[in-house]
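**Student:** There's a structure below that I have some questions on.
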Amino acid sequence: MAQAVLLPKPGRVEDPGAVKRARKPYCELTLRPCYAHVHHIKPRSQGGDDIPENLISLAPEVHLAVHEGRIDRYLLVQVVARREGLSPEEVCERIGLPVPGEWPTGDFPGLTGKEPPSLEEVLQAVISLEETQDDAKWLQGEILAVLVDMGFSKRWLAYNLRRSLSYIKNRVRTWRAFPEPHLRCPELTWEHHKVAALTPDPAGWLERAAENGWSTRQLQLAIAKSRDPAGAETEEERRQKEAERLLDRVLRFVEEGGPQGKWLRERLLEELG
Numbered sequence: 001m002a003q004a005v006l007l008p009k010p011g012r013v014e015d016p017g018a019v020k021r022a023r024k025p026y027c028e029l030t031l032r033p034c035y036a037h038v039h040h041i042k043p044r045s046q047g048g049d050d051i052p053e054n055l056i057s058l059a060p061e062v063h064l065a066v067h068e069g070r071i072d073r074y075l076l077v078q079v080v081a082r083r084e085g086l087s088p089e090e091v092c093e094r095i096g097l098p099v100p101g102e103w104p105t106g107d108f109p110g111l112t113g114k115e116p117p118s119l120e121e122v123l124q125a126v127i128s129l130e131e132t133q134d135d136a137k138w139l140q141g142e143i144l145a146v147l148v149d150m151g152f153s154k155r156w157l158a159y160n161l162r163r164s165l166s167y168i169k170n171r172v173r174t175w176r177a178f179p180e181p182h183l184r185c186p187e188l189t190w191e192h193h194k195v196a197a198l199t200p201d202p203a204g205w206l207e208r209a210a211e212n213g214w215s216t217r218q219l220q221l222a223i224a225k226s227r228d229p230a231g232a233e234t235e236e237e238r239r240q241k242e243a244e245r246l247l248d249r250v251l252r253f254v255e256e257g258g259p260q261g262k263w264l265r266e267r268l269l270e271e272l273g
């Protein structure tokens, strides 16, 4: 009896670069700006390839809903088809999915042909996230201040919240310096307020920072100069020399070449580009 010949199983297309290129700063189904997860419509475990037709950027909660079966994957096929200029049937053929007898419908923006968010909308989402984080810090400071006033020590709070003592002190001190929204400067970050709160004149320093457009580093330097002009200049000179030594070391590392030097160069270009 002839023995069956087992043919090698064709390997799937693996391309980390394609996955990276597929990531967008918004969800392609809801069109909301977000830190998106790249989803394989046909899972990797089932042989799904790293090709554009099989990849879609989804908001984390949408990604979870897809995996839980609450969102039909053929809705994603239709979004990808519109994006790639293909028919849904062509996308199914390219990624190896059977064509459904009836296509599902939904009211997601990505299915209606609406335009993805503009760059301005994405950048505004980043700013909004920063504002949300700052709002959370103010609320944390208020809650912690109330707990301190109730008799809980900062050290006890730090231990039970698994935070450093300086974390608790900074939140409470900053909120006590600027307890009402009208006392704060909306164009400056919470970090500016934290630095100003360390001085005897928080409101005055905050006003100077706003008038001069200072970064938190510039605000710290101005405060240091007001206390000890000579010492502040010495500290600035020390940091400048430290920066020069660090730059020299990085440049020498890159010039030596090798995979590590190449990696460092690419990361620097990526981070600073």
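29 is the number that full-length UniProt numbering gives to position 29 of the sequence shown; each next residue is one higher, with no gaps. Think of the CB as a built atom: it goes at the ideal place given N, C-alpha and C, for glycine as much as any other residue.
(1) In whole angstroms, give me the CA-to-CA distance for H192 and W156.
(2) Using the Cβ count rule (16 or more neighbours within 10 Å means buried), how would you classify N54?
(3) Can you give me the Cβ contacts of Q140 inside the same chain, cut-off strictly under 6 Å, excluding the 5 residues immediately before and after it?
(4) Which term fits H39, buried or exposed, when burial requires 16 or more other beta carbons within 10 angstroms of its beta carbon?
(5) Taking V80 as part of the alpha helix (DSSP H), name the residues at either end of that continuous run.
(6) If you draw a straight line from the C-alpha of F152 to the C-alpha of A158, how long is it?
(7) Could you give the C-beta distance for A224 and A197, rounded to a whole number, given that I count them as a contact under 8 Å?
(8) Note down, in chain order, each residue of its chain lying with its Cβ closer than 6 Å to the Cβ of P16, except the 5 sequence neighbours on either side.
(9) Would the stretch 17-27 count as touching the stretch 54-66 if we require 3 or more Cβ pairs under 8 Å?
(10) Output the distance between the C-alpha atoms of V122 and G48, rounded to the nearest integer angstrom.
(11) How long is the line joining the alpha carbons of E102 and E187, rounded to whole angstroms?
(12) What are the boundary residues of the beta strand (DSSP E) that S57 is part of?
(13) Which residues mark the beginning and the end of the beta strand (DSSP E) in which H40 is found?
(14) Name the DSSP beta bridge partners of Y167, please?
(15) Compute the Euclidean distance between the alpha carbons of P43 and A18, then round it to the nearest angstrom.
(16) By DSSP, does P33 sit in helix, in strand, or in coil?
(17) Determine the direct distance from the alpha carbon of L111 to that of W214, and round the result to whole angstroms.
(18) Taking 8 Å as the limit between beta carbons, can you name the residues of its chain near G261, skipping five residues before and five after?
(19) Counting only the same chain and skipping the five closest in sequence on each side, list residues whose C-beta sits under 7 Å from that of K194.
**Tutor:** Looking at the atomic coordinates:
(1) 27 Å
(2) buried
(3) R171
(4) buried
(5) 73-84
(6) 10 Å
(7) 16 Å between Cβ atoms; not a contact.
(8) none
(9) yes
(10) 30 Å
(11) 52 Å
(12) 55-58
(13) 37-40
(14) Its beta-bridge partners do not exist; DSSP assigns none.
(15) 15 Å
(16) strand
(17) 45 Å
(18) F253, V254, E255
(19) N170, T174
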